[in-house]
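Some notes on the structure that comes next.
There are 2 protein chains.
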Amino acid sequence: MQSREIHLKRRPAGDTVPEDFATVARELPPPAAGEVQVRNLWMAVDPAMRGRMNDVRSYIPPFALDAPMEGPAIGEVTASNDPGFAPGDLVFSRLGWREAFNAPASALQRRDRALPPQAYLCYAGMPGLTAYAGLLRIAALKPGDVVFVSAASGAVGSIACQIARNKGHKVIGSAGGPEKVAFLRDVLKVDGAIDYKAEPSLTKALAREVKAIGAEGIDVYFENVGGDHLQAALSLANDFARFAICGMISQYNLTEAPVVPRNLTMLMTKRIRMEGYIALDHMDLEPQMLADMVAWHDAGRMAQAETVYEGIDKALDAFWGLFTGANIGRTMVKLG
Amino acid sequence: MQSREIHLKRRPAGDTVPEDFATVARELPPPAAGEVQVRNLWMAVDPAMRGRMNDVRSYIPPFALDAPMEGPAIGEVTASNDPGFAPGDLVFSRLGWREAFNAPASALQRRDRALPPQAYLCYAGMPGLTAYAGLLRIAALKPGDVVFVSAASGAVGSIACQIARNKGHKVIGSAGGPEKVAFLRDVLKVDGAIDYKAEPSLTKALAREVKAIGAEGIDVYFENVGGDHLQAALSLANDFARFAICGMISQYNLTEAPVVPRNLTMLMTKRIRMEGYIALDHMDLEPQMLADMVAWHDAGRMAQAETVYEGIDKALDAFWGLFTGANIGRTMVKLG
Chain A
1 MQSREIHLKR RPAGDTVPED FATVARELPP PAAGEVQVRN LWMAVDPAMR
51 GRMNDVRSYI PPFALDAPME GPAIGEVTAS NDPGFAPGDL VFSRLGWREA
101 FNAPASALQR RDRALPPQAY LCYAGMPGLT AYAGLLRIAA LKPGDVVFVS
151 AASGAVGSIA CQIARNKGHK VIGSAGGPEK VAFLRDVLKV DGAIDYKAEP
201 SLTKALAREV KAIGAEGIDV YFENVGGDHL QAALSLANDF ARFAICGMIS
251 QYNLTEAPVV PRNLTMLMTK RIRMEGYIAL DHMDLEPQML ADMVAWHDAG
301 RMAQAETVYE GIDKALDAFW GLFTGANIGR TMVKLG
Chain B
1 MQSREIHLKR RPAGDTVPED FATVARELPP PAAGEVQVRN LWMAVDPAMR
51 GRMNDVRSYI PPFALDAPME GPAIGEVTAS NDPGFAPGDL VFSRLGWREA
101 FNAPASALQR RDRALPPQAY LCYAGMPGLT AYAGLLRIAA LKPGDVVFVS
151 AASGAVGSIA CQIARNKGHK VIGSAGGPEK VAFLRDVLKV DGAIDYKAEP
201 SLTKALAREV KAIGAEGIDV YFENVGGDHL QAALSLANDF ARFAICGMIS
251 QYNLTEAPVV PRNLTMLMTK RIRMEGYIAL DHMDLEPQML ADMVAWHDAG
301 RMAQAETVYE GIDKALDAFW GLFTGANIGR TMVKLG
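Chains A and B, in that order, give the protein sequences.
Letter by letter, the first sequence follows residues 1 to 336 of the UniProt record's numbering.
Letter by letter, the second sequence follows residues 1 to 336 of the UniProt record's numbering.
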């Protein structure tokens, strides 16, 4: 079987350019003993991949040069030389950025057909677990909580909105631009939506949406943004609110000192708990998360929130699309 | 019995001046039915009293004009017209700012003689409970944790240092000036002490003290200050550190936008939990706190960290002393 792969040719300086990469075609031999041959159906891209293109030590090693990059992928077994897998099996791997591959059986995790294959890269994958652990464990969501989600049209935020809604909560989401706000209302079916780019004061906008749903304030904040979003959430928090700190994208490339939030003292007066977390620490929740996701999918209450690019030739466009702010939901490449 | 009382004569504008107050002498009649007569031994002052001098609604009502102010006091029953109390009983009340008073029995709480009377205004009173609840419940102190305390020479911080030390932890404290730092080392017996006024970088100072005790970082931060102290604590935090947010005194009178902390994103990368709290929500811990305090006192391991003024005539000096930054520990007035 032939496979095309995207290789990293050199370490990018700043923004990546086409010359940093190469598309390489190769003929796959039959799988060796203990190996499985997989044809990828979908791969996902995320901004963290940019970090792995640098030669910097982190909790995950950098991409090798002149080798295919890596990333989450879901595929179908086409040939197996291992007793644990058979042709037709649906498998998750970290071996994206390629159309097909041979790999040791240990690199694969079987997935069942209860969900569409790409769901395992989205609401039934790490983005799903990130949203699920943040809301249910870190924020300890309880009946009646009003939930505010920032970056609500993003890969994780879009799932957080749906989990909270499916658990019976009122949900307010914030995103940038009318198209994303329409997506929040029409697809994610949030109770309140804020276009932060159109609001002179995010705090006033959140106060307005809180009032519109007949609430006093918010009980849970699913934090992806930081800065003025955190300030607004503190301002509108009810006593004993819980903030799950999943990301603070406004703070990552800050060159000047932050001037917000100005109201961290509300942590005391309102007895707020803020907790940062990483989904990898909460893998034990995966079976419970998958069971809920299958039930919600079957009931038609879990939308596949995604921006899809077609074919390995568009994989770099998908990656670059992450940085324009135009993509909605998880950014995926359909490979098979 | 005669009593002198400090009355609020008018609502102060900005800093309080002697003309805002009056010292009033009065003759107490014998206690009426259901009343108890108490001679105060000690009263304590705290900065929150300034807020109650304003006519502003809060969770606690403002002081009345032309009446004695209120505050925590410990006294001895001198006459009783209620079956629940007898002369000689040690009683806690909110009826400070006066040498003696008659009050309904319901305004009094009996205290035993296991501790020196003034301890019930300090480590066995609300400051003690504040430190205890913050460390043990909010920060969930566990064996081996390294503890950092800001405003460590203050009423609450000085107790937090001692609780942590008595529970077997390494403790680093921060305070302003050589006298306070000597107090941290000699009286509170902390393992590391930082004079924040003498350090160009609090983060570097904390890193140095952490290294000096052979630790990698801090596990618990008892937060009284905010701003650069919070930034240093985030920088030196170990993974899964817990921050009990008791106060943020650097933030209360901020006229410009805060420029620190610049590293709130460490909440995620280090999975830090920050939680604000108010001791009144944790009164259920009082019996356990008292038992520990008596045991530590009996073992000679609980210092009375206090600045003492003598006599009701010095009560306003005690109050003004709170705002000069000179006082160490709890600020108290010896009345009896």
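We put the beta carbon where it would ideally sit given N, CA and C, even for glycine.
ASP228 (chain B) classed as buried or exposed, judged by whether at least 16 other C-beta atoms fall within 10 angstroms: So ASP228 (chain B) counts as buried.
Euclidean distance between Cα positions of PHE243 (chain A) and VAL149 (chain A): Distance between the alpha carbons of PHE243 (chain A) and VAL149 (chain A): 10 Å.
Rounded separation between VAL259 (chain B) and PRO261 (chain A) - CA only: The alpha-carbon atoms of VAL259 (chain B) and PRO261 (chain A) are separated by roughly 10 Å.
Contact list for LEU264 (chain B) against chain A, beta-carbon separation under 7 Å: At a C-beta separation below 7 Å, LEU264 (chain B) has these neighbours in chain A: GLY226, MET248, GLN251.
Contact list for the region 306-326 of chain A against chain B, Cβ threshold 7 Å: Contact annotation: in the region 306-326 of chain A, no residue has its CB less than 7 Å from a CB in chain B.
C-alpha distance - residue 338 (chain A) paired with LEU90 (chain A), whole-angstrom precision: Lying outside 1 to 336, the shown extent of chain A, residue 338 (chain A) is not represented and no answer is given.
C-beta neighbour in chain A for ILE218 (chain B), strict 8 Å: No, no contact with chain A.
DSSP three-state assignment for LYS334 (chain A), whether helix, strand or coil: In this structure, LYS334 (chain A) counts as strand in the three-state DSSP scheme.
Proximity to GLU306 (chain A) [Cα-Cα], best of A:ALA241, A:LEU184, A:LEU141, A:GLN109: Of A:ALA241, A:LEU184, A:LEU141, A:GLN109, the residue nearest in Cα terms is A:LEU184.
Whole-Å CB distance - GLY88 (chain A) paired with GLU76 (chain A), under 8 Å assumed: Correct: roughly 7 Å between the Cβ atoms.
Other residues of its chain near VAL190 (chain A): CB distance less than 6 Å, five sequence neighbours each side excluded: Take VAL190 (chain A), set aside five residues on each side of it, and the residues of its chain with a beta-carbon closer than 6 Å to its own are CYS161, VAL171, GLY173, LEU184, in chain order.
Span separating the alpha-carbon of ALA241 (chain B) from that of ARG273 (chain B): Taking the straight line joining both Cα atoms gives about 6 Å.
Beta-carbon proximity list for ARG111 (chain A), same chain, < 6 Å, skipping 5 on both sides: The residues are LEU90, PHE92, TYR120.
LEU141 (chain A) vs VAL38 (chain A) beta-carbon contact at 8 Å: Taking 8 Å as the Cβ cut-off, LEU141 (chain A) and VAL38 (chain A) do not qualify as a contacting pair.
Interfacial residues, the region 269-289 of chain B to chain A, with Cβ spacing under 9 Å: For the region 269-289 of chain B, the set of residues with a beta-carbon nearer than 9 Å to any beta-carbon of chain A comprises THR269, LYS270, ARG271, ILE272, ARG273, MET274, GLU275, GLY276, TYR277, ILE278, ASP281, in chain order.
Partner residues on chain B for ALA257 (chain A), Cβ-Cβ distance less than 8 Å: Using a Cβ-Cβ cut-off of 8 Å, ALA257 (chain A) is close to VAL259, VAL260, ARG262 of chain B, given in chain order.
Alpha-carbon spacing of PRO200 (chain A) relative to ASN40 (chain A), whole angstroms: About 45 Å.
Contact with chain A by LEU267 (chain B), beta-carbon distance below 8 Å: Yes, because at least one Cβ of chain A sits closer than 8 Å to the Cβ of LEU267 (chain B).
Beta-bridge partners of TYR221 (chain B), as assigned by DSSP: For TYR221 (chain B), which the question treats as bridged, DSSP gives the partners B:PHE148, B:PHE243.
As assigned by DSSP and simplified to three states, the class of ALA291 (chain A): In the structure shown, ALA291 (chain A) falls within a helical segment according to DSSP collapsed to helix, strand and coil.
Residues that ILE245 (chain B) contacts on chain A, provided the C-beta gap is smaller than 7 Å: Neighbours of ILE245 (chain B) in chain A, taken as residues whose beta carbon is under 7 Å from its own, are LEU267, MET268 in chain order.
Contact belief for ALA133 (chain A) with ALA279 (chain A) at Cβ below 8 Å, rounded distance in angstroms: Their Cβ separation, rounded to whole angstroms, is 6 Å, which keeps ALA133 (chain A) and ALA279 (chain A) in contact under 8 Å.
Contact set for LEU236 (chain B): own chain, Cβ-Cβ below 8 Å, skip 5 residues either direction: Cβ contact annotation for LEU236 (chain B) (same chain, cutoff 8 Å, sequence separation greater than five): PHE148, THR203, LEU206, ALA207, VAL210, GLY217, ILE218, in chain order.
Selected residue, minimal CA-CA separation from ARG10 (chain A), among A:GLY321, A:ARG52, A:GLU310, A:PRO178: Selected option, being the one with the closest Cα: A:ARG52.
Nearest candidate by alpha-carbon position, reference PRO68 (chain B), set B:GLN2, B:LEU115, B:GLY128, B:ILE6: Selection B:GLN2, B:LEU115, B:GLY128, B:ILE6 evaluated against PRO68 (chain B) yields B:ILE6 as nearest (Cα-Cα).
For LEU285 (chain A) and PRO138 (chain A), the rounded distance between their alpha carbons: The question names Pro, but residue 138 (chain A) is Ile in the sequence shown. When only Cα atoms are considered, ILE138 (chain A) and LEU285 (chain A) end up about 12 Å apart.
Pick from A:GLY84, A:SER158, A:GLN109 that is closest to ILE74 (chain A), judged by C-alpha positions: Out of A:GLY84, A:SER158, A:GLN109, A:GLN109 has the C-alpha closest to the C-alpha of ILE74 (chain A).
GLU306 (chain A) CB to nearest heavy atom of the ligand GDP below 7 Å: Ligands displayed in this structure: none; no statement on the ligand GDP is therefore possible.
Limits of the beta strand (DSSP E) - the one that GLY173 (chain B) falls within: Run containing GLY173 (chain B): 170-175, per the beta strand (DSSP E) assignment.
Close beta carbons around GLY34 (chain A), own chain, < 8 Å, minus the five adjacent residues each side: Within the same chain, GLY34 (chain A) has close Cβ partners ASN81, ASP82, PRO104, ALA105.
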